[in-house]
Amino acid sequence: RLGVQTVAELRAVPEATLVSSFGRAAGAQFWRLSRGLDGRRVDPDQSVRSIGHEETFARDLTQPDDVRRELVRMVDAVGRRLREAGVAGRTVTLKVRFPDFTTITRSQTLPEATDLVVEILEVATDLIAAVDTLPGIRLLGVSLSGLRDSSVRQLSFEDLADPGWREAERAVELIRGRFGVGSIGPATTVGADGLQPRERGDAQWGPDE
50 RLGVQTVAEL RAVPEATLVS SFGRAAGAQF WRLSRGLDGR RVDPDQSVRS
100 IGHEETFARD LTQPDDVRRE LVRMVDAVGR RLREAGVAGR TVTLKVRFPD
150 FTTITRSQTL PEATDLVVEI LEVATDLIAA VDTLPGIRLL GVSLSGLRDS
200 SVRQLSFEDL ADPGWREAER AVELIRGRFG VGSIGPATTV GADGLQPRER
250 GDAQWGPDE
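Residue numbers for the sequence shown follow this note's numbering, beginning at 50 and rising by one.
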């Protein structure tokens with residue numbers, strides 16, 4: 050209602066106007082933050098509670114193939130970030146926002162923590178299958194919580210019997226480390242312009258959770 054869209058525009062609004070519009074506490078806080086004034090203590094050792102990605106689309110996703118492609122792309126990005134951080138997680142959360150801005154979340158907790166894309170994708174696929182996507186999807190997000198050090202991950206009988214997926218994902222990371230993130234990725238995400246990987250900090254992603 051103030052016509053403010055950027056921090057620079059917010060900085061130009063008098064504190065009294067912000068207080069009048071948002072209340073004394075919130076208005077004063079907006080005024081201070083727009084000037085880079087924040088007295089809260091920074092805790093560099095604060096642990097990350099979840100790792101995820103979400104995206105608001107310029108056009109609503111209405112086709113199942115498009116939903117699947119974006120889901121795979123996001124899970125792939127989450128898996129990379131988990132491995133970069135050296136953590137694995139147990140709870141997969143799917144976030145969906147519809148064109149009318151109704152937002153829902155669905156979660157499922159795994160028996161053991163994982164950082165494997167194939168395992169996260171299996172759960173995320175089950176979660177999205179239970180959602181009515183016919184109205185279209187405006188925003189889609191995937192995150193993993195219940196994080197712990199991936200080096201202490203308990204091996205299952207499935208791991209011992211078939212270590213192929215973990216070795217395959219390690220090989221993918223080695224290729225990406227040498228030739229770049231866009232050098233290799235899931236076949237589902239390859240379009241006419243080749244791979245379109247999501248990187249941390251890319252503008253097309255929403256805020257990290």
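For glycine and all other residues, C-beta sits at the position ideal for the given N, C-alpha and C. Everything numeric in this text was worked out from a predicted model, so none of it was measured.
The alpha carbon of D109 has as its nearest neighbour, out of G185, G195 and S199, the alpha carbon of G185.
Only buried fits R122, as 16 or more other CB atoms lie within 10 angstroms of its CB. According to the DSSP assignment, Q78 belongs to the alpha helix (DSSP H) that extends over R73 to L82. By the beta-carbon neighbour count (other beta carbons within 10 angstroms, threshold 16), V56 is exposed.
In summary, T142 is buried, with 16 or more beta-carbon neighbours lying within 10 Å of its beta-carbon over all protein chains present. In terms of Cα proximity to D125, the closest of E103, R146, D114 and Q112 is E103. Of the residues S192, V166 and R155, the one whose Cα lies closest to the Cα of D175 is R155.
With a contact defined as Cβ atoms closer than 8 angstroms, V116 and I153 miss out at about 14 angstroms.
T163 counts as buried, since at least 16 other C-beta atoms from the protein chains shown sit within 10 angstroms of its C-beta.
Excluding residues up to 5 positions away in sequence, nothing lies with its Cβ nearer than 8 angstroms to the Cβ of L86 in the same chain.
If you compare the alpha carbons of A137, G135 and L188 with that of F150, the shortest gap goes to L188. In this structure G101 touches S192 by the C-beta definition: roughly 2 angstroms separates them, less than 8 angstroms.
Secondary structure note for D109: its beta strand (DSSP E) is the uninterrupted segment S99 to L110. For the 8 angstroms CB-CB criterion, V172 and Q157 form a contact. In the displayed model, T142 falls within a strand according to three-state DSSP. A distance below 8 angstroms separates the beta carbons of V136 and S199.
In terms of Cα proximity to K144, the closest of S70, E119 and Q78 is E119.
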